[in-house]
Amino acid sequence: MADFNEENVRRDVRDWLKANWDPNAKLVDWRNKLADSGWGVPHWPVEWYGKGLPVSLGQVVDDEFARANAVGVAKTGIRMLAAATLLEHGSDFHKDRFLRRILTGEDTWCQLFSEPGSGSDLAGATTRADFDGDNWIINGQKLWTTSAHHAQFGLLLARTDWDEPKHKGLSYFVLAMEQSGVDVQPLRQMNGHASFNQVFFTDAKIPPEHLVSTEGNGWQVAMTTLAHERRGAGGLHGTSREGPRKGNIYDEERAEIATVMEPYKWYPQRAGRVDLIVERAKATGTITDSHIRQEIAKLLILSKSAEWTARRARAAQQQGRPQGPEGSLGKLAASNIARACAHVHTLITQTDVMLTGQESPLGGTIAEILVSVPATSIAGGTDEIQRNIISERVLGMPKEPRFDTGPFRDVPRNIVT
Amino acid sequence: MADFNEENVRRDVRDWLKANWDPNAKLVDWRNKLADSGWGVPHWPVEWYGKGLPVSLGQVVDDEFARANAVGVAKTGIRMLAAATLLEHGSDFHKDRFLRRILTGEDTWCQLFSEPGSGSDLAGATTRADFDGDNWIINGQKLWTTSAHHAQFGLLLARTDWDEPKHKGLSYFVLAMEQSGVDVQPLRQMNGHASFNQVFFTDAKIPPEHLVSTEGNGWQVAMTTLAHERRGAGGLHGTSREGPRKGNIYDEERAEIATVMEPYKWYPQRAGRVDLIVERAKATGTITDSHIRQEIAKLLILSKSAEWTARRARAAQQQGRPQGPEGSLGKLAASNIARACAHVHTLITQTDVMLTGQESPLGGTIAEILVSVPATSIAGGTDEIQRNIISERVLGMPKEPRFDTGPFRDVPRNIVT
Amino acid sequence: MDYSFTDEQEQFRSIVQRFLKEKSPTSEVRRLMETEEGYDPNVWRQLSEDLGLPAIPIPEAYGGAGFGPVELGIVMEELGRSLLCAPYFSSTVLAANAILNTAFESQKLDLLPAIASGERLATLAVTEPNGRWDAAGIECIASPTADGFQLSGTKSFVLDGCLADLLVVVARNPGSAGFEELSLFTLAGNADGVTRRALAPMDATRKLAHIEFNNAQATLLGDLGAGFAPLSKTLDQAAVALANEMVGGAQALLEAAIEYAKMRMQFGRAIGSFQAIKHKCADMLLDVELAKSAAYHAAQVASEDDPDTSALASLAKAAASDAYVRTAATCIQIHGGIGFTWDNDTHLWFKRAKSSEAFLGLPSYHRELLMQQWGG
Amino acid sequence: MDYSFTDEQEQFRSIVQRFLKEKSPTSEVRRLMETEEGYDPNVWRQLSEDLGLPAIPIPEAYGGAGFGPVELGIVMEELGRSLLCAPYFSSTVLAANAILNTAFESQKLDLLPAIASGERLATLAVTEPNGRWDAAGIECIASPTADGFQLSGTKSFVLDGCLADLLVVVARNPGSAGFEELSLFTLAGNADGVTRRALAPMDATRKLAHIEFNNAQATLLGDLGAGFAPLSKTLDQAAVALANEMVGGAQALLEAAIEYAKMRMQFGRAIGSFQAIKHKCADMLLDVELAKSAAYHAAQVASEDDPDTSALASLAKAAASDAYVRTAATCIQIHGGIGFTWDNDTHLWFKRAKSSEAFLGLPSYHRELLMQQWGG
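If you want it as structure tokens, here you go:
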């Protein structure tokens, strides 16, 4: 078991796939087989559906699955953040109860962290969890909850102690979404999509065994979830592989991915679509204007430089060097790129900027860019928060003095009605 | 005396000038006559060289002086700030001792407020004044002191109490510059000019009667000086009138003004010289480029809009309306204009940007612009301070919490060596 | 040149502001922008009868109130602030001015009184599917017939084009090109040979139409082929009016951002106490005040028929447009995620800012026009 | 494509950095920039003999060290950081590459070893008083004579032109124009018919010369009229080197600004604790790191002789130049009044940033070059 090497692993997984893989199986049956075998999440512990392989050898397993065109465990959406968090902080009860159905895709999860009154300041959550002797009773409101409307479970950050400082009064729960005290409403954005939900809790119930880690330790657990989110474990990992993929199981997987990816379909437009710029400028004839050429060039320079900066960060990581400043800059660069894109698309599109929908340029794509880019500098941490983080953590500049360190009860906060 | 009206005043000053004005007089003699008559500063009190006229009628007197081509009292440089401050806060001794020679131009003054350790935070001054039983003993260093090298007196802000909060431990003095404990050194700027001085105090002496107002009240007195400075009472009021001006007194006045104005000769370049842009773009042939046309247009729009904004503020003032936000924006607008000018001058000047001096474009003017504009967003209050003022005083946004309200002794500050 | 409003003008502004505050809360804006016609006829009648706003720029001789660009600017600024959904820009600013600048006396007497009273809704159709705002971009043809002219071609981005009773259309003589031989014509919105279709506007508060003319019978306004100068003047007047509308919208956004920043708490403080937010707000104020100065100045020179009006109209359009778009983006940013939601009102002004940026030509187009006049 | 430096390259950087830190403190920069020749021959000798820096980009066959643009980029970045006053860019980057790209084998063997050893100082004269950096701007004429060519015309902005032993001069055939019939020539700096005069540079650490050629006898490098391609390649290589120099300077400014902001107290706090300053620093870091990526990437593709090198050289020049100028301005702003004084070192880099912005062509020129290659 301890003697892993690439050759052994490759042979074992190849043999196992040869013996077991069937593109006409039912998706859940196949994934149960993966969970039992350990090949679905080989870097997980042997006790919990894995094989205890080092992460580096995971790539070998992935390669073999790709070679065989074999479908893997469910990985899209919030479910892998839930799994990672529970593996680190959950009890055996939690692992036993939740992990298998995460892998099979039978349960969908959502993240219940942000609130109307706590955005940048996530630890200022005021959704309350009060223990009534039998259950935790949840009241409050969460926001920006992707996929809440079809999730079975939510990762909930709620306040259990109002006399502790704000980071210490929070607890972390697994909440069953399908109950009467939970009301999920779509939240429409200014671009017309409703990718997110608002979730209202009115005396929703959580049994005591669904508390993760200990009471008051919720912020630490949430940090684990957020760290995995930053590393890209959640959300957008969901494009099916292309290739000669015919068979029932592929259809089932495609449907699963389509559902999970639905909220993200405008994300490329949110980023500004630098890829469209030069072709559009040619098509509209604006590429001959020296002013527009300058603006396009500035955008291309920004975008390429950001791309190379991300690669520098990745290269340093791969070589095991300490991460330089270049690793923290991507989000801020993306905001600048999105803004510059909207500006250049406007210059190129001219009067057609006034239109939207099918009849407008690129069947509405340009209009969608223009009304979506404002989200880039906000979602996942505003530019202002990013600049704080960069200046304090990367440049070592002194922190701002804080005014929210006393008992949370006394900290000035928003009145949410 | 109380019955002022425009007609009387105009007749009186005209008669008086007719009887007294002599373009061949000696400048000091003439100004002593002005001081005695009250016509030099007619809005000053009768007891102190004035006629107690309302400010509005001062314009009538100015008009008649201009009509007669008569020279007025000395008004350039810091001296009028000194006079205004002493008129408001000074004792009769101060007024008697200093005001006449301010008006005659025999004494030149300088302002000793800024220090190496206190720039934006003027109230953080650490130049100390300690009373030894006979005199105040001054030690420390001042900076950005225009004309200190030929001033007879300085307006000094110094700390007399280190246990009071910082605004309350300061006192305001008149310091005689011509003494051994005062060492004036020119301070060279990055553009090569040395318009300012550094002033070092080593046991410089001030007699007790040169304290202005009371001990510990220095910040209030300094506020008066600064308010007059903002209103434009000091500094740049010094271009001689043009016209058929022959006679000894004109020569003397011209020489006086030339000396006072010397430090300011690069100020037009500091502002960016938007006036040169279009002609330069034509001369260099760059005006045909659509990119450069856009940049020039942006600059012209900014500059004209700022000019009209200033006029809106003046018009409101003249009509006695409450000042709108437009009155506080000029300085910040000037920074944006200076920066945009430097950018456009660079675009127009191209490779010649590498040169300086006589052989370079416009005999060095362009080069001087490029190395002078960085001062615009700093001098007289940085852009950052301006934005604080605008957001707090105009927009009513909440102030930042302060950390310098305790005894000054305990306030973290710069170590100046 | 006067750099302030008179007391009468300030009073007039207050009246307009109060009316709009009552009649055009964002709940009404949201309701009307989802309708096909895009305005409330009742409010339009009140605005016409009680306040006489459609009459503002029209001389008394034609049933108007005889005010000038400054008073029109005041109305526009308040309309921009309140986002009132109404065919004011199309009928009062574009069509009325086009007729005033182009038509014979008898035509003005015939056409303008009903526009001034608000009973007739008119609009001006200049731009075509190519999106150009310069006269040389016009391809619509007016062919002479026995009893007038027949129009053929396509107009697009026509403000309230589906709603208008009367269309003022710019077209050219057959075989002509460039700035020459342009004329303005009128015809009823529902005339034979006219096919109107609503476009899907990014800014739902600004209804736009695509209009096809197939040998539609039309009446010539003024002299044949003399349309360039009056059209240019009309577009300059429209740019001045739009600039004033835009600074009103920008002001509304600025106020919303500041109000939110003072109220919103994060980290135990109002976010408005953080320099990052305070300094953004100071920069926004500067931006908006400078744009206001440009818009007011342009209205003033336009009222004096100053020869520099065209340059200053372009200057004001560019300044106000850039300031509006920037302010809208910053207002969303200060609101954070909330500012990106449909329920928050910021996007209503954001979209108006974007549509105004393009309407009558982008800022870059107007900067180029400015340079043609000031840059030699 | 590799996105990191090797351990050997990092080691090499450390050695160069240590040497420059010792030999080129700003006190030395200030001393040397006031001298006519603008460098310290002793330091140049050490830099040549001990570190072999002039040999870096020259192949071993010609007495060089045989390194490529990446190692040259490392040297340039450190030179930019330290502002060393020395004729490195002129001799090693411009002249050596021009000769390498243009000359016959025998000429390379003749000319390069002394440049590689640092004993001969050479420079390249391209630009003329018209300030153009494109080959079509060249007006200098090379007329054939019995024993070679005679140069006539004027060069300007020639880096270290008064100092150089050897001038490499770009000239064209009589009667030619545009990009055709250009050639490169060499002659001694003190040859007959050569009149050199120092220009007054804004950046005193970069000595510039105005050089007149009056029928000066010169030697043709390579083939007659084949100069365009090697000249373009040389200018691309120079742009890559300059981009790397600029990011070194920008990094020095960034570090100075942050150090000052952490140390400087106002209002009882380090100014670096104010968001206005912190956020400026975060933006500066982003600016500098993005420019670094562009500069490193350009050096890497240049070392692979990638056909996209020219586009990426222009991209890097524009990115680094803009970042450098912005960082210099922000560094002064963060220092406040102190940053505007002569005694504070910031202006040394500020002026280098401004001169580098124009040297080899402004960012706008390079953005246009980029678009010619990427924008169709």
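Protein chains in written order, with numbering that gives the first Met the number 0: chain A, 0 to 416; chain B, 0 to 416; chain C, 0 to 375; chain D, 0 to 375.
The beta carbon of each residue, even a glycine, is placed where N, CA and C say it ideally should be.
Quick check: the Cα distance between residue 8 (chain B) and residue 259 (chain B), rounded to an integer number of angstroms? Position 9 of the second sequence holds residue 8 (chain B). Position 260 of the second sequence holds residue 259 (chain B). Computed Cα separation, rounded: 31 angstroms.
Flag this pair as yes or no: are the beta carbons of residue 339 (chain A) and residue 298 (chain A) separated by less than 7 angstroms? Along the first sequence, one-based indexing puts residue 339 (chain A) at 340. Along the first sequence, one-based indexing puts residue 298 (chain A) at 299. Yes, Cβ-Cβ distance for residue 339 (chain A) and residue 298 (chain A) is below 7 angstroms.
Under 8 angstroms: do the stretch 206-216 of chain A and the stretch 176-192 of chain A share three or more Cβ pairs, one atom per stretch? no
What is the DSSP secondary structure of residue 202 (chain B), counted as helix, strand or coil? Translated into the one-based positions of the second sequence, residue 202 (chain B) becomes position 203. Strand at residue 202 (chain B).
Whole angstroms is fine: what's the gap from residue 119 (chain C)'s alpha carbon to residue 167 (chain C)'s? Residue 119 (chain C) sits at position 120 when you count from the first residue of the third sequence. Residue 167 (chain C) sits at position 168 when you count from the first residue of the third sequence. If you take the alpha carbons of residue 119 (chain C) and residue 167 (chain C), they lie about 13 angstroms apart.
Can you list, in chain order, the residues of the stretch 375-407 of chain A whose Cβ is nearer than 9 angstroms to any Cβ on chain D? 382, 383, 385, 386, 387, 388, 389, 390, 391, 393, 394, 395, 396, 397, 398, 399 and 400
Just checking: is the beta-carbon of residue 111 (chain A) within a distance shorter than 7 angstroms of some beta-carbon in chain D? Walking along the first sequence from the start, residue 111 (chain A) turns up at place 112. It does not: the Cβ of residue 111 (chain A) has no partner Cβ on chain D nearer than 7 angstroms.
CB residue 302 (chain C) to CB residue 74 (chain C), shorter than 7 angstroms? Against the third sequence, residue 302 (chain C) aligns to sequence position 303. Against the third sequence, residue 74 (chain C) aligns to sequence position 75. Not a contact, by the Cβ cut-off of 7 angstroms.
Can you tell which of D:64, D:37, D:38 and D:60 has its C-alpha closest to the C-alpha of residue 50 (chain D)? Locating residue 50 (chain D) in the fourth sequence gives position 51, where the first residue counts as 1. If we check each option's Cα against that of residue 50 (chain D), D:64 comes out closest.
I want to see whether chain A comes within less than 7 angstroms of residue 3 (chain D), judged by CB atoms only; does it? As a position in the fourth sequence, residue 3 (chain D) is number 4, starting the count at 1. With 7 angstroms as the cut-off, residue 3 (chain D) counts as an interface residue toward chain A.
Could you work out which residues of chain D lie near residue 273 (chain C), taking near to mean beta carbons separated by less than 8 angstroms? Start at 1 with the first residue of the third sequence, and residue 273 (chain C) comes out as number 274. Result: 274.
Would you mind working out which of D:349, D:278, D:186 and D:189 sits nearest residue 249 (chain D), comparing C-alpha positions? As a first step, residue 249 (chain D) is located in the fourth sequence; it is residue number 250 there, counting from the start. Residue 249 (chain D) has its Cα closest to that of D:349, out of D:349, D:278, D:186 and D:189.
Interface partners of residue 356 (chain C) on chain A, CB under 8 angstroms: Within the third sequence, numbered from 1, the residue matching residue 356 (chain C) stands at position 357. Those are 345 and 352, listed as they occur along chain A.
Can you tell me which of the three DSSP states residue 50 (chain B) falls into? Residue numbering aside, residue 50 (chain B) sits at position 51 when the second sequence is read from its first letter. Coil at residue 50 (chain B), not helix or strand.
Helix, strand or coil: which one does DSSP assign to residue 24 (chain D)? The sequence position of residue 24 (chain D) within the fourth sequence is 25, counting from 1. In this structure, residue 24 (chain D) counts as coil in the three-state DSSP scheme.
Taking the straight line between their C-alpha atoms, what separation do you get for residue 237 (chain B) and residue 79 (chain B)? Within the second sequence, the letter at position 238 stands for residue 237 (chain B). Within the second sequence, the letter at position 80 stands for residue 79 (chain B). Because residue 237 (chain B) carries a pLDDT of 47, less than 50, the predicted location of this residue cannot be relied on, and the following value inherits that uncertainty. Each residue's alpha carbon lies about 12 angstroms from the other.
Sorted by chain position, which residues of the same chain lie with C-beta nearer than 6 angstroms to residue 188 (chain C)'s C-beta, five sequence neighbours on each side aside? The count along the third sequence starts at 1 and reaches residue 188 (chain C) at position 189. The answer, listed in chain order, is 163, 164 and 166.
Tell me whether residue 166 (chain C) sits in a helix, a strand or coil according to DSSP, three-state version. The sequence position of residue 166 (chain C) within the third sequence is 167, counting from 1. Reduced to three states, the DSSP call for residue 166 (chain C) is strand.
Can you check which of these residues, B:127, B:218 and B:266, is closest to residue 193 (chain B) by C-alpha distance? By one-based count along the second sequence, residue 193 (chain B) stands at place 194. That would be B:266, whose Cα lies nearest to the Cα of residue 193 (chain B).
Using 7 angstroms as the threshold, is the C-beta distance between residue 199 (chain C) and residue 215 (chain C) below it? Indexing the third sequence from 1 puts residue 199 (chain C) at position 200. Indexing the third sequence from 1 puts residue 215 (chain C) at position 216. No, these two residues do not count as a Cβ contact at 7 angstroms.
Please say whether residue 111 (chain C) and residue 55 (chain C) have beta carbons closer to each other than 7 angstroms? In the third sequence, counting from the first residue as 1, residue 55 (chain C) sits at position 56. In the third sequence, counting from the first residue as 1, residue 111 (chain C) sits at position 112. Not in contact: residue 55 (chain C) and residue 111 (chain C) (Cβ atoms no closer than 7 angstroms).
Express the C-alpha separation of residue 71 (chain D) and residue 294 (chain D) in angstroms, rounding to a whole number. Position 295 of the fourth sequence holds residue 294 (chain D). Position 72 of the fourth sequence holds residue 71 (chain D). When rounded, the distance between both Cα atoms is 12 angstroms.
Given 8 angstroms as the limit, is there contact between the stretch 228-243 of chain D and the stretch 81-101 of chain D, that is, 3 or more CB pairs closer than that? yes
Straight-line CA distance for residue 59 (chain A) to residue 301 (chain A)? Here the question's residue 59 (chain A) lines up with position 60 in the first sequence. Here the question's residue 301 (chain A) lines up with position 302 in the first sequence. C-alpha separation (whole angstroms): 35 angstroms.
Using a Cβ cut-off of 7 angstroms (strictly closer), state whether residue 71 (chain D) contacts chain A. Indexing the fourth sequence from 1 puts residue 71 (chain D) at position 72. With 7 angstroms as the cut-off, residue 71 (chain D) does not count as an interface residue toward chain A.
Check whether the Cβ atoms of residue 159 (chain D) and residue 122 (chain D) sit closer than 7 angstroms, and answer yes or no. Reading the fourth sequence from its first residue, position 160 is the one you call residue 159 (chain D). Reading the fourth sequence from its first residue, position 123 is the one you call residue 122 (chain D). Closer than 7 angstroms, so yes.
By Cβ distance below 6 angstroms, which residues in the same chain neighbour residue 233 (chain C) in space, the five residues on each side in sequence not counted? Taking the third sequence and counting its residues from 1, one reaches residue 233 (chain C) at position 234. Around residue 233 (chain C): 96, 97 and 100.
Nearest to residue 202 (chain C) (by Cα), restricted to the options C:371, C:149, C:34 and C:321: As a first step, residue 202 (chain C) is located in the third sequence; it is residue number 203 there, counting from the start. The shortest C-alpha separation from residue 202 (chain C) is found at C:34.
Are residue 37 (chain D) and residue 154 (chain D) close, meaning C-beta to C-beta below 7 angstroms? Taking the first residue of the fourth sequence as position 1, residue 37 (chain D) is located at position 38. Taking the first residue of the fourth sequence as position 1, residue 154 (chain D) is located at position 155. Their beta carbons are not under 7 angstroms apart, which means residue 37 (chain D) does not touch residue 154 (chain D) by this criterion.
Buried or exposed: where does residue 21 (chain C) fall if 16 or more other Cβ atoms within 10 Å of its Cβ makes it buried? Here residue 21 (chain C) refers to the residue found at position 22 when the third sequence is read from its first residue. With fewer than 16 Cβ atoms within 10 Å of its Cβ, residue 21 (chain C) is classed as exposed.
From the beta carbon of residue 261 (chain D), is the nearest beta carbon of chain B less than 7 angstroms away? Residue mapping note: residue 261 (chain D) aligns to position 262 of the fourth sequence, counting from 1. So no, residue 261 (chain D) is outside the interface.
For the stretch 290-302 of chain D, which residues have a CB atom closer than 9 angstroms to at least one CB atom of chain A, in sequence order? 290, 291, 292, 293, 295 and 296
Measuring CB to CB, does residue 138 (chain B) end up less than 7 angstroms from residue 200 (chain B)? Within the second sequence, residue 138 (chain B) is the residue found at index 139, counting from 1. Within the second sequence, residue 200 (chain B) is the residue found at index 201, counting from 1. Yes, these two residues count as a Cβ contact at 7 angstroms.
Counting only the same chain and skipping the five closest in sequence on each side, list residues whose C-beta sits under 6 angstroms from that of residue 20 (chain B). For this step, residue 20 (chain B) is matched to residue 21 along the second sequence. Once the five neighbours on either side are set aside, the close Cβ partners of residue 20 (chain B) are 67 and 69.
Alpha carbon to alpha carbon, how far is residue 224 (chain B) from residue 234 (chain B)? Give it in angstroms, no decimals. Here residue 234 (chain B) refers to the residue found at position 235 of the second sequence. Here residue 224 (chain B) refers to the residue found at position 225 of the second sequence. Here residue 234 (chain B) scores only 44 on pLDDT, less than 50, and its place in the model should not be relied on; the value that follows carries that caveat. Between residue 234 (chain B) and residue 224 (chain B), the C-alpha separation is close to 12 angstroms.
Can you check whether the CB of residue 321 (chain A) is closer than 7 angstroms to the CB of residue 393 (chain A)? For this step, residue 393 (chain A) is matched to residue 394 along the first sequence. For this step, residue 321 (chain A) is matched to residue 322 along the first sequence. No; because the gap between Cβ atoms is not below 7 angstroms, this pair is not in contact.
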